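One structure is given below, encoded as structure tokens.
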Amino acid sequence: MDFSLGQREEALREEVRKFAEQEIPDGWIVNFLDEESRDDDWAFSLSISKKLADKGWLVMGWPKKYGGRDASCIEQMVFAMEAAYWGIPGLSMGVSGTGWIGPSLMLYGSEEQRLKYMPMIASGGPDGIWCTGYSEPNAGSDFANIQTRAVRNGDGYIVNGQKVWTSCAHRARWCWLAVKTDPNADRPQNGISLMIVDMKSPGITIKPLLNYTGEHIFNEVFFDNVRVPAVDLVGEENRGWYQLMKSLAYERHSFGGQSYGTGKRILHGLIKYVAETKHNGKLMSRDPIIRHRLAENAIELETLKMFAYEIAWKMSTGIVPIYESSRNKSFADHLLEQLALAGTEILGFSSQAEQHCKLARLKGLIQRQYLMFPGTAIAAGTDEIEKNIIGKFKLGLPRSY
Amino acid sequence: MNFNCTEQQTMLRTMARDFLIKECPKSRTRELERDQKGYCPVTWNHMAELGWIGLVLPEQYGGSNANFMDLVVLMEEMGRNILPGPFFSTVALAALPLMEYGSDEQKSRYLPPIAHGEKIWTLALNETSADCNCKGIKTAARLENGEYILNGEKLFVPYAAIADYMLVVARIKKDRVLDKGFTLFIVNRNKPGIDVETIPTITGEMQCRVRLKGVKLSETDVLGTAGNAGNALGRILDKASLLKCAEVSGACQSVLDMTNTYARERLQFGKPIGSFQVIQHRLVDMLADVEGLQYLVYQAAWLMSIGADCGEQLAMAKAKANEVHQRVALSGVKIHGAIGFSMDHDIGLYYRRVMASKFFPRDTDYYLEKVARGIGL
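Right, here's the structure in full:
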């Protein structure tokens with residue numbers, strides 16, 4: 002066993018810190034999910050994406066011929082942790098592209114698809130922005146129940162149906178869409194396919210779906226006789242469910258590292274705050290309850306770090322993480338919740354001040370986290386679904402639903 | 013970065029698991045709870061023959077010269093099989109301190125019999141109102157004509173009733189004033205003035221009360237520096253608590269395995285209880301606890317094995333071990349239902365054992381405070 006980082010990773014960490022100091026304004030607190038809401042935030046995020054692409058960081062793990070630089074899994078994990086720590090935007094690129102569409106194309110896309118779409122994502126431009134069409138009004142956790150239909154018609158498909166909670170659809174150039182291609186399959190899982198849809202296609206309507214803070218992250222997306230060329234089917238027809246399980250593992254695998262970075266940022270913010278702030282005449286950092294609460298969170302954060310490195314290391318040996326991704330996401334979501342709540346206890350009544358208000362402490366970091374964690378905990382699979390996956394794939398327990 | 017065990021560690025793990033299941037089945041563990049000796053001398057000798065007792069001791073003292081990580085792997089397996097006996101007290105609480113702080117003469121004299129399984133050792137630390145804070149330690153060694161006269165009372169000394177030697181933590185008294193620092197004494201348990209009494213416990217591990225009345229010791233019985241063993245004791249307890257964490261980690265893995273198996277076999281409402289999400293999610297929480305603890309222990313042990321500073325990581329591992337041990341053992345009993353509460357089932361052994369590990373050498377709050385300081389509070 003050896004848990005040390007190499008020189009290359011240490012150097013990368015330092016370089017990311019310098020980049021953040023140079024490029025990210027003090028007090029920039031916009032989360033992973035919400036950079037696509039306001040036009041100015043989005044423009045800034047895209048400008049950073051471009052710089053990240055130029056640095057070779059945006060899709061560092063991809064092969065060179067698709068626009069990456071073959072970085073190791075450990076390097077990628079270190080980058081994810083550091084970038085989240087410094088709050089670097091522009092990495093989600095409309096959530097989907099860098100995280101799982103590229104890796105999914107590498108797993109089961111055609112070479113033509115890889116060469117067409119991956120360099121666009123890698124360049125960090127607006128043509129590399131994707132949304133992901135999985136959820137529907139009656140297919141949330143029960144994803145196999147999707148009703149959006151794609152019917153073969155000549156050299157293409159005709160798509161009809163509705164997606165919901167589609168992050169970034171209003172900014173996206175492409176949609177990574179899950180559709181039902183065989184409604185009569187023996188199991189609903191056996192009738193699902195994945196396809197790439199041009200968001201400029203006639204017949205697509207996007208309606209904003211504001212979240213509870215009034216931000217525009219989600220959308221409803223309606224497909225009305227949208228024509229999709231057959232070459233844009235990804236992988237095998239009706240094998241979409243099985244392909245997607247792998248995609249989701251990829252999507253979830255990096256959450257551990259990102260959440261570690263975010264969590265560490267919150268913890269460091271709180272440590273600094275209690276060291277500088279007096280409450281009822283006493284320095285908060287002297288209060289044993291506060292000390293222990295932060296220590297407990299630091300321990301869980303250290304655990305998350307090990308989980309994140311474990312996944313990166315396993316992937317570097319060729320293992321596709323299934324239960325590990327779900328474990329890390331569930332663990333990380335719970336930890337971010339605990340940290341946000343610990344933060345509200347420490348800030349006390351200031352926790353209710355709006356992020357940009359003068360009375361907001363820590364530049365609104367805690368409020369932001371308080372508002373966002375329920376959302377991130379649901380995205381890409383609820384805690385309960387993640388636990389079902391772990392129960393089945395790791396513990397060998399019978400399917401319960 | 014590498015999360016794999018070495019080939020040697022994997023072999024040791026497999027061998028230890030097979031050996032312990034064969035030589036010390038749970039039925040034997042139960043018998044030993046009621047046994048006066050509290051351990052099995054036959055198994056002890058086999059363990060010595062396998063080179064386990066002297067695993068990390070140098071070859072010149074009869075050891076196998078293995079790495080600290082190897083010992084961590086072995087401790088995990090002992091915890092997994094909940095082996096009762098003086099392995100931890102002899103190796104972690106005495107052999108490692110002797111190796112690190114003993115004079116050449118002390119090492120040559122005491123280490124080979126340990127490695128050969130001939131002598132059992134322990135550490136006498138706790139007192140009525142003290143663990144490892146010097147202020148609370150009242151056991152005193154009075155210096156008289158070049159001799160130390162030891163007086164005091166130690167509590168919860170593991171396996172003292174069967175030990176041949178003890179390391180005793182005391183303070184030196186000169187002119188009625190107690191030294192500010194600790195001294196570690198090597199004490200032959202058969203010396204006059206030593207009275208050992210077994211304390212009945214709920215854990216299946218032997219604990220003793222040791223009364224020291226006018227026990228005479230010489231200068232050569234001092235381990236390390238007299239009056240200045242505070243740092244040494246700290247380091248000794250660090251290493252030992254890390255090995256205790258490894259033992260706890262192994263125990264938690266075993267509880268998870270046993271409980272998972274039970275949940276798949278036990279039928280209620282016509283189905284295995286493991287098909288119900290309430291049970292599944294409890295098991296999944298146990299898994300995250302178990303794997304998280306394992307990695308924190310490995311990280312601290314790896315740092316220690318390469319000689320790096322690991323104070324903060326160790327404190328994290330021990331605080332986590334305390335929490336996880338308690339939580340996992342309790343979930344294990346609960347998922348087993350009534351049978352988990354019965355004498356007939358093994359899961360209760362693990363739950364009872366928690367109390368033997370949780371407060372060694374100190375409680376969770378102590379480690380949380382250490383973590384708090386480590387993160388800059």
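Chains as they are written, first to last, in the working numbering: chain U, 2 to 402; chain L, 13 to 389. Glycine included, each C-beta is placed from N, C-alpha and C at the ideal position. Note that the structure is predicted; figures quoted are calculated from it, not measured.
Under the DSSP assignment, residue 353(U) falls outside any beta strand (DSSP E); it carries neither an H nor an E label. By the beta-carbon neighbour count (other beta carbons within 10 angstroms, threshold 16), residue 182(L) is buried. Looking only at 351(L), 341(L), 244(L) and 299(L), the smallest Cα-Cα distance to residue 278(L) is reached by 351(L). The alpha-carbon separation between residue 363(L) and residue 42(L) amounts to approximately 14 Å. When Cβ-Cβ separations below 8 Å define contact, residue 304(U) makes contact with chain L.
Between the C-alpha atoms of residue 178(L) and residue 200(L) there is a straight-line separation of about 6 Å.
With fewer than 16 other beta carbons inside 10 angstroms of its own, residue 350(U) counts as exposed. Distances from the CA of residue 117(U) to each of 142(U), 170(U) and 67(U) were compared; the closest alpha carbon is that of 67(U). At the C-beta level, residue 72(U) and residue 125(U) stay beyond 8 Å of one another. Going by DSSP, residue 42(U) is part of the alpha helix (DSSP H) stretching over 40-56. One Cα belongs to residue 103(U), the other to residue 389(L), and the distance between them is close to 43 Å.
In the three-state scheme derived from DSSP, where H, G and I count as helix and E and B as strand, residue 185(L) is classed as strand.
Neighbours of residue 332(L) in chain U, taken as residues at a C-beta separation under 9 Å, are given in chain order as 300, 301, 303 and 304. In terms of Cα proximity to residue 217(U), the closest of 166(U), 6(U) and 251(U) is 166(U).
Across the set 249(U), 58(U) and 377(U), the C-alpha of 249(U) shows the shortest separation from the C-alpha of residue 106(U). The C-beta of residue 97(U) comes no closer than 8 Å to any C-beta of chain L. Using a C-beta cut-off of 8 Å, the segment 226-246 of chain L makes no contact with the segment 339-353 of chain L, since fewer than three inter-stretch Cβ pairs fall below that distance. Counting along the chain, residue 171(L) sits inside no beta strand (DSSP E), nor does DSSP assign it H or E at all. Taking a C-beta cut-off of 8 Å against chain L, the contacting residues of the segment 380-398 of chain U are 385, 388, 389, 391, 392, 395, 396, 397 and 398, listed in chain order. Put simply, of 329(U), 340(U), 372(U) and 398(U) the residue whose alpha carbon is nearest the alpha carbon of residue 383(U) is 329(U). Per DSSP, the continuous beta strand (DSSP E) segment holding residue 160(U) begins and ends at 157-164.
For residue 280(L), the pairing in a beta bridge is given by DSSP as 283(L). Contact of residue 311(U) with chain L by beta-carbon distance below 7 Å involves 15 and 307. In the displayed model, residue 69(L) falls within coil according to three-state DSSP, outside both helix and strand. In the assembly as shown, residue 73(L) is a buried residue. Its beta-carbon has 16 or more other beta-carbons within 10 Å.
Of the residues 308(U), 141(U), 180(U) and 23(U), the one whose Cα lies closest to the Cα of residue 229(U) is 180(U). Taking 8 Å as the CB threshold, residue 297(U) lines the interface with chain L.
For residue 75(U), the nearest CB of chain L lies under 8 Å from its own CB, placing it at the interface with that chain. Among the residues of chain L, none has a CB under 7 Å from the CB of residue 223(U); the nearest is roughly 34 Å distant. In this structure, the straight-line span from the alpha carbon of residue 193(L) to that of residue 378(L) is close to 20 Å. By the neighbour-count definition (other C-beta atoms within 10 Å, threshold 16), residue 53(L) is an exposed residue. Looking at the DSSP output, residue 230(U) bridges to 157(U). By the Cβ rule, the segment 372-391 of chain U counts as touching the segment 293-310 of chain L, because three or more pairs are nearer than 8 Å. One finds nothing in chain L with a Cβ atom closer than 8 Å to the Cβ of residue 326(U); even the nearest lies about 13 Å away. The C-alpha of residue 119(L) lies about 12 Å from the C-alpha of residue 198(L). By the rule that beta-carbons nearer than 8 Å mark a contact, residue 310(L) touches chain U.
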